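These notes are about the structure you will find just below.
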Amino acid sequence: TLILQTLRFHDVPSTVHLPDRRKEGYGLNIPEIERLAAEEGPGILLTVDCGISDVKAVERARELGFMVVVSDHHMPPEELPPAHAITNPRLSEDNPCPHLAGVGVAFFLMAALNGKLEAMSGKRMDMRQVLDLVALGTLADMVSLTGQNRILVKNGLLKIAEAKRPGLAELKGASGFSPVAALGAGQVVFNLAPRINAAGRLGSPTLAHDMLLTPSHDEAAKLAQTLTSLNDERRSEEDRIYKEALEQAEANPKRLGFVLYGKDWHQGVIGIVASRIVEVYYRPVLILCSDGESLKGSGRSVPEFDLHAGLTRCADMLLGFGGHRQAAGLRIAPGRLDELRERFDAVIREELGEEPLTPSLKIDAEMPFSQASDFTVLKGLELLQPFGIGNPEPIFASLPLRVKKRKAFGHSREHISLEVTEEGSGITLQAKAWRQADQIPENIQGQRIRLAYTPGINAYNGIASVELRVRDWEVL
């Protein structure tokens, strides 16, 4: 969307093709390149957030007469594609912004091109107007919010608050926010991004693209509602697959890395499920499903294990793979599934040792409720935003508390709200534990506990209140 908006500003004729992940997989594919050559003729072929591993597809594009420019941020393989130009921040070890998301690479590429095109079109686009897209894409891609990414996201969130783009204004409305609400990074990640991603997971990615590009609020509103419906469908499918995957993991507790498979699991959802299994077991996970004559998989990892490097050590048995340190995709022949289970587990044991890893939680400081409920303190903490990978939210330990009330809420009653009173001061605050209903029992009511928590300001319905997000708890 960002690239198309920039090119159209300069009246450069351009079309976009977004691969259907179920029919075409991710990134460049030869059949689509051949179709483009036959129907539109070879021109400049610019990849976005893909292409760095697609050696054969780039070779075919060049054979057909395309000028190929690859823009990507995924880990480069040993053999680079024979493109005319490659822009990837990971190609150089001394790059000042190595953690850019795909949209960040596109932004800097278009910013440079914007200056070059000015001589042709006689006008120059204000690149700040696409920072909303940069923030949305950077947060959705879960990259490190340090360096350039921090600057891009911090300023992009201001643009999202302005809601001058009809698509984002309507998407915020469909997500339960005021169109002009100022959103934090977490609200974008958990509310806007899943709706965008649902388009590619269960429908067509073109739905999200059209919504972000349209100048019409009416069209944007219809598309935002469609995405919300798809996201509801995605959540239902995710819960089903998660339960089945969890049963497989529970049946193999001695594995240090899980390779889980379901023939009818939806390939648009398995990556999310992999993340949830990692949360439960704190072990690297590969989840696969059937895709034609091969199996397609999505993997997630823990910080201690480089998933891309681990798959590289299994490369001889894979039909293809690519990705990052903590997230990757792969394809394998069905007959090698059991072999992959053994090899993946062996690679992890060799790298991390024979004992399962245990997650640790870093507490930044002890914070009494007198500070946690002080809006001046909370506003000061907000200056540290945007929070995310590379810049985590601070976590505080409470003083001893008494649980006055426990209440389950949410679509499947999967979340817990606690009303807790601090001993000594008598201050009572609301604490919410997301997806922890099965871990916080009903008999916690009335007990003395301590919380590891992150305080924040909840501005729901325009009324500001203090809310604690529970990260962990212990009974005293």
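First residue of the sequence shown? That's 1 in my numbering, and the numbers climb one at a time after it. By construction, the Cβ of each residue, glycine as well, lies at the ideal position given by its N, Cα and C atoms. All figures in this text were calculated on a predicted structure; none of them were measured in a lab.
Distance check between Arg469 and each of Ala397, Lys404, Arg413 and Thr214 places Ala397 closest, using alpha-carbon atoms only. Counted as a single uninterrupted DSSP element, the beta strand (DSSP E) harbouring Tyr453 occupies residues Arg448 to Asn458. Under the three-state reduction of DSSP output, Asp72 falls in the coil class, being neither helix nor strand.
Under the 8 Å Cβ criterion, the region 320-327 does not count as touching the region 344-363, having fewer than three qualifying pairs. When secondary structure is reduced to three states using DSSP, Leu288 falls in the strand class. When secondary structure is reduced to three states using DSSP, Met120 falls in the helix class. The Cβ-Cβ distance between Val420 and Arg435 does not fall below 8 Å.
Here Phe177 is buried. Its C-beta has 16 or more other C-beta atoms within 10 Å. At a Cβ-Cβ threshold of 8 Å, Leu157 and Pro394 do not count as neighbours. Cα atoms of Ala431 and Asp141: separation of roughly 28 Å, rounded to the nearest angstrom. Annotation note: the region 255-342 contains the following uninterrupted alpha helix (DSSP H) runs of length 4 or greater, listed N- to C-terminal: 270-281 and 307-312. By the beta-carbon neighbour count (other beta carbons within 10 angstroms, threshold 16), Asn95 is exposed. Within the region 414-453, the complete beta strand (DSSP E) segments at least 3 residues long are 415-422 and 428-433, listed from N- to C-terminus. For Phe409, the uninterrupted beta strand (DSSP E) run begins and ends at Leu401 to Phe409, by DSSP.
The C-beta separation of Leu227 from Leu213 comes to about 14 Å, leaving the pair out of contact by the 8 Å criterion. Just so you know, the alpha carbons of Val466 and Ala106 end up roughly 38 Å apart.
Annotated three-state conformation of Leu157 is helix, per DSSP. Annotation: the continuous alpha helix (DSSP H) that includes Glu39 extends over Ile30 to Glu39. Residues Phe369, Ala372, Ser373, Val420, Val466 and Leu468 of the same chain have their beta carbon placed closer than 7 Å to that of Leu429, with the five preceding and five following residues left out of the count.
Look at Ser236 here: in three-state DSSP terms it is helix. Taking the Cα positions, Lys222 is about 21 Å away from Phe190. Assigned with DSSP and collapsed to three states, Thr226 falls in helix.
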